[in-house]
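Numbering (the numbering used here), first residue to last: 2 to 404.
Backbone N, C-alpha and C define an ideal beta-carbon position, used for all residues, glycine too.
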């Protein structure tokens, strides 16, 4: 055999080995692809019993150093939350100019109107002092409240025991402090009523002053004094309107703030009960978190997709720690869709006969109600969640879907 024949034979041998390798590699990839497709099937929610199947877990691997860094970032962002900024304007009135009475009928009218303006301005000055006082008190109460909440969140972020009595005591103190802030809003509302009455009085004085120009029996000095008085009343009207507007803004900000913080306290109470920090109330989500796989606790978080559950909670053990995975999934959806609504499905097992299936159905419905209560405690309005039930050949589960 020649050297050329040997080369051809060697080349042919290499080509055969290469084709065998490519064929084996293709079969391996095809096998893996079939496995992925089968694993990605999800149970149907129709009246018929769906096949038992499992979701493909989309795992986010977080290294310990990265996790600590993320926790610290979340802690810093939450601890620096400040109460809403109230108005800072000091509404000082300018006293009217003094003028002698001309002795005419219109001159006497000017004296009376000026006296009414002085009394009105004294009332406005008192109302301004009350406003500055209630603002100072409300800011102080809000700061004390936030300091207490920040201390609780810090402890929860670092880790603590479930139902820590020290945190329970701090939570009660924070709730009492928030009620003080709410009482400040009551004082603002009362003050707003008095300022509104002053605004009505100032409008009446302005109309009366302008109408006095049409009275007969006036001399030139009377009209000169009326012009000065009209300017002074107009300035007072503008000042009172500004005061009333700023006070209304303060009331609106504080009312929204107290309502939001009540939701935050509800979420914080749930966190204290479980001994772990979830995050801010879902009613006003402040920051987003990475999706975390909770397979050790039989709670699996999946990608946001209408056809797949956001969370699958498998109740196959006594205490299923599902709250963190549930919060994370819903919080992630609300970051991109604040108006999102959800469907909570109780999936009961049909294994074990009719009697067992009935027991499973009742148990799973109770589990779904428990999950619903957790969502409400986290700040999600009950009107945003609907409940339904179905059966499956798998174990008892609760699925949360994006509606």
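Q: Could you tell me if residue 223 is buried or exposed, where buried requires 16 or more neighbouring beta carbons within 10 angstroms of its beta carbon?
A: buried
Q. In its own chain, which residues sit with a C-beta less than 7 Å from the C-beta of residue 384, not counting the 5 before and 5 after it?
A. none
(Q) Is any non-hydrogen atom of the ligand HEM found closer than 8 Å to the C-beta of residue 92, if you look at the structure I gave you? (A) This structure does not include the ligand HEM; it has no bound ligands of any sort.
Q.
Buried or exposed for residue 246, going by 16 or more other Cβ atoms inside 10 Å?
A. exposed
Q. CB-CB under 6 Å to residue 412, same chain, minus the five flanking residues each way: which ones, in chain order?
A. This structure does not reach residue 412, given that the chain is present from 2 up to 404, and the question cannot be answered.
Q.
Distance check for residue 213 and residue 205, CA to CA, integer angstroms please.
A. 12 Å
Q | Coil, strand or helix - residue 112 by DSSP | A | helix
Q.
On the DSSP letters alone, give me the boundaries of the beta strand (DSSP E) that residue 319 sits inside.
A. That residue, residue 319, is in no beta strand (DSSP E); it is neither H nor E in DSSP.
Q. Can residue 326 and residue 335 be called in contact, C-beta distance under 9 Å?
A. no
Q. According to DSSP, what are the bridge partners of residue 402?
A. 344
**Q.** Contacting residues, own chain, Cβ-Cβ under 6 Å from residue 52 (five flanking each side not counted)
**A.** Interpretation of residue 52 is limited by its pLDDT of 36, a score under 50 that renders its predicted location unreliable; no figure is taken from the coordinates.
Q.
Let me check understanding here. Comparing Cα to Cα, which of 275, 387 and 308 lies closest to residue 156?
A. 275
Q: Could you give the DSSP three-state label for residue 134: helix, strand or coil?
A: helix
Q | Close beta carbons around residue 160, own chain, < 8 Å, minus the five adjacent residues each side | A | 276 and 277
Q | 8 Å contact criterion, which residue 216 and residue 234 should meet: CB distance rounded | A | Going by Cβ atoms, the distance from residue 216 to residue 234 rounds to 17 Å, so no, they are not a contact pair.
Q: Note down the Cα distance separating residue 211 from residue 178, rounded to an integer number of angstroms.
A: 50 Å
(Q) Less than 9 Å between the beta carbons of residue 100 and residue 111, yes or no? (A) yes
Q. Applying the criterion that 16 or more other CB atoms from any shown protein chain within 10 Å of the CB defines a buried residue, is residue 389 buried or exposed?
A. exposed
Q. Residue 234 lies in the alpha helix (DSSP H); which residues open and close that run?
A. 221-275
Q.
Between 380, 143, 283 and 196, which has its C-alpha nearest residue 258's C-alpha?
A. 143
Q) Are three or more beta carbon pairs between the region 192-205 and the region 82-91 nearer than 8 Å? A) no
Q: Starting from the Cα of residue 227, find the closest Cα among 373, 359, 118 and 357 and give me that residue.
A: 118
Q. For residue 319, is the classification buried or exposed, using 16 other Cβ atoms within 10 angstroms of its Cβ as the cut-off for buried?
A. exposed
Q | residue 94 - containing beta strand (DSSP E), residue span | A | Premise fails: residue 94 is in no beta strand (DSSP E) and is neither H nor E.
Q) Excluding sequence positions up to five away, which residues of its chain have a Cβ less than 6 Å from the Cβ of residue 129? A) 92
(Q) Assuming residue 182 is part of the alpha helix (DSSP H), what are its boundary residues? (A) 166-213
Q) Do the region 184-192 and the region 131-139 make contact, defined as three or more Cβ pairs closer than 8 Å? A) yes
Q) Going by other Cβ atoms of all chains shown within 10 Å of its Cβ, with 16 needed for buried, is residue 324 buried or exposed? A) buried
(Q) Assuming contact is defined by CB atoms lying nearer than 9 Å, are residue 182 and residue 269 in contact in what I supplied? (A) no
Q. In three-state DSSP terms, what is residue 376?
A. helix
Q. What's the gap between the Cα of residue 316 and the Cα of residue 367?
A. 11 Å
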